[in-house]
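All letters in the sequence shown, in the order written, are residues -12 to 313 by this note's numbering.
A virtual CB, placed ideally from N, CA and C, is assigned to each residue, including glycine.
Below is one structure, written out as structure tokens; the observations come after it.
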Amino acid sequence: MSYLFRHSSVGTALHYIRHRSFDFSRTKAKAISPLSSTDDIPATVPADSTIGAELKLEQSATLVSWQGPDDPSNPQNWPMIDKVLMTTLIALYTFAVYVGSSIYTPSQTTVQELFHVSHVEGSLGLALYVLGYGLGCLLFSPISEIPAIGRNPPYAISGFLFVILCIPTALVNNYAGLMVLRFLLGFMASPCLATAGASLADIWTMAQFPFAVALWAATAAMGPALGPTLSTYAVRALGWRFSAWELMIIAGPIYILMLCMLPESSAPTILYYKAKRLREETGNWNLMSDAEKKQKNLKASSLLFDALIKPWEINALDPAILFTTI
-12 MSYLFRHSSV
-2 GTALHYIRHR
8 SFDFSRTKAK
18 AISPLSSTDD
28 IPATVPADST
38 IGAELKLEQS
48 ATLVSWQGPD
58 DPSNPQNWPM
68 IDKVLMTTLI
78 ALYTFAVYVG
88 SSIYTPSQTT
98 VQELFHVSHV
108 EGSLGLALYV
118 LGYGLGCLLF
128 SPISEIPAIG
138 RNPPYAISGF
148 LFVILCIPTA
158 LVNNYAGLMV
168 LRFLLGFMAS
178 PCLATAGASL
188 ADIWTMAQFP
198 FAVALWAATA
208 AMGPALGPTL
218 STYAVRALGW
228 RFSAWELMII
238 AGPIYILMLC
248 MLPESSAPTI
258 LYYKAKRLRE
268 ETGNWNLMSD
278 AEKKQKNLKA
288 SSLLFDALIK
298 PWEINALDPA
308 ILFTTI
């Protein structure tokens, strides 16, 4: 259980403040294996050619990987209790942000009367929230696949903003501001939709993964279904603003638990920082993870394009994907 805190967002931040480095390994790295042999390199390749440079990289680079199939740092090998707790946290987080869509509906009638808007305009509070977490997926999901970032930063940053935005949503005094805040709430809620499935795939085997996804999907479906029930009586007794306060009351404690108990689960990210630590400790700058090797010759602009622009391009140009998105 101590591992969960040490490698959660809070634990990682504290470790970085003390040591100016990140390390997600459960054990100290010992074994590293050569990426390729010099026997594979043709003697006739010009040293200054592009192919020659790539082969030179292949020759000199040393791959940092897991310490065997049972390496405890591999998320697939984590203890069952850690996997269950992590799945539970993700499911609770998903419920908290999905309940935010329909928790607004008991307040809609009062919003219409207070701001003198039609039923259609009042229902935008629900529609814009859903639109927000639909669009946010196109940003947060690719970012979580970058090895230097991983899964936790999108959860931590967006979750913090989600909880904070509940406050102005409860205090706003004009219709336009309320609608903007509802959209931003949905946008910041999107990592649970964009990244939760990937987080579960990180830790569960192919045989176990469908059961974990079924639990996660059930909590996602429960959120919108229970939202009106949770807020109807409170809104009648305490006013339309309490739906936003109630959302903060639900999401706040879950967010704190995630900050303190949800460890980084992306294998490329764990290996990326493992390789970085080994380079700093040994002074051998040829040590690199598989993700670093693949991205070694890529420019920052290419990485950003693949991470941020490519998903939008695919969504816009592929009719089948565009149809399912709409």
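Helix, strand or coil at residue i according to DSSP, with G and I counted as helix
i: M175; result: helix
i: M73; result: helix
i: R266; result: helix
i: D315; result: Residue numbering for the chain in the displayed model covers -12 to 313; residue 315 lies beyond these limits and cannot be assessed.
i: L202; result: helix
i: Q54; result: coil
i: L42; result: Interpretation of L42 is limited by its pLDDT of 39, a score under 50 that renders its predicted location unreliable; the figure taken from the coordinates is listed afterwards. Helix, per DSSP.
i: R228; result: coil
i: Y91; result: coil
i: A194; result: coil
i: F11; result: coil
i: I136; result: coil
i: E251; result: coil
i: S289; result: helix
i: K283; result: coil
i: W299; result: helix
i: P59; result: coil
i: P211; result: helix
i: H314; result: Only positions -12 to 313 of the chain appear in this structure, which leaves residue 314 out of reach.
i: P66; result: coil
i: V104; result: coil
i: V369; result: Nothing about residue 369 can be read from this structure; the chain reaches only from -12 to 313.
i: V117; result: helix
i: V159; result: coil
i: P29; result: Note that P29 scores 37 on pLDDT, short of 50, meaning its location in the model is unreliable and no value can be drawn from it.
Residue i burial status per 10 Å Cβ neighbour count (16 or more: buried)
i: H(-6); result: buried
i: M245; result: buried
i: L315; result: With the chain running from -12 to 313 in the structure shown, residue 315 is simply not present.
i: W191; result: buried
i: E233; result: buried
i: G210; result: buried
i: G(-2); result: buried
i: S36; result: At S36 the pLDDT is 41, less than 50, meaning the model places this residue with poor confidence; the figure from the coordinates comes in the next sentence. The residue is exposed, with fewer than 16 neighbouring Cβ atoms inside 10 Å.
i: P129; result: buried
i: F317; result: The chain is shown only over -12 to 313; residue 317 falls outside these bounds and no answer can be derived.
i: W53; result: buried
i: V222; result: buried
i: Y80; result: buried
i: W272; result: exposed
i: W203; result: buried
i: K70; result: buried
For residue i, the residue or residues it bridges with in DSSP
i: T219; result: None, per the DSSP bridge assignment.
i: T(-1); result: Bridge partners of T(-1): none, in fact.
i: L274; result: T49
Cβ pair residue i, residue j closer than 8 Å
i: T206; j: F82; result: yes
i: A183; j: I77; result: yes
i: S276; j: L304; result: no
i: A238; j: F149; result: yes
i: Q99; j: G87; result: no
i: G146; j: Y242; result: yes
i: R5; j: Y(-10); result: no
i: A230; j: P93; result: It should be pointed out that residue 230 corresponds to Ser in this sequence rather than to Ala. Yes, the Cβ-Cβ distance between S230 and P93 is below 8 Å.
i: L72; j: M248; result: yes
i: A199; j: T74; result: yes
i: P134; j: A224; result: no
i: S(-4); j: A163; result: no
i: L168; j: V159; result: yes
i: L111; j: M166; result: yes
i: A48; j: K281; result: no
i: M235; j: I154; result: yes
i: A185; j: S131; result: yes
i: A157; j: R228; result: yes
i: N302; j: L101; result: no
i: L274; j: V51; result: yes
query: Is the segment 120 to 135 in contact with the segment 168 to 178, if contact means three or more CB pairs nearer than 8 Å?
result: Counting Cβ pairs under 8 Å, three or more are found: they touch.
query: Does the segment 129 to 139 come close enough to the segment 209 to 219 that 3 or more CB-CB pairs lie under 8 Å?
result: At 8 Å Cβ cutoff, the stretches do not touch.
query: At a cut of 8 Å, does the segment 54 to 72 reach the segment 247 to 264 through at least three beta carbon pairs?
result: Counting Cβ pairs under 8 Å, three or more are found: they touch.
message: Quick test of the definition: if touching needs 3 or more C-beta pairs under 8 Å, does the segment 260 to 268 touch the segment 143 to 157?
response: no
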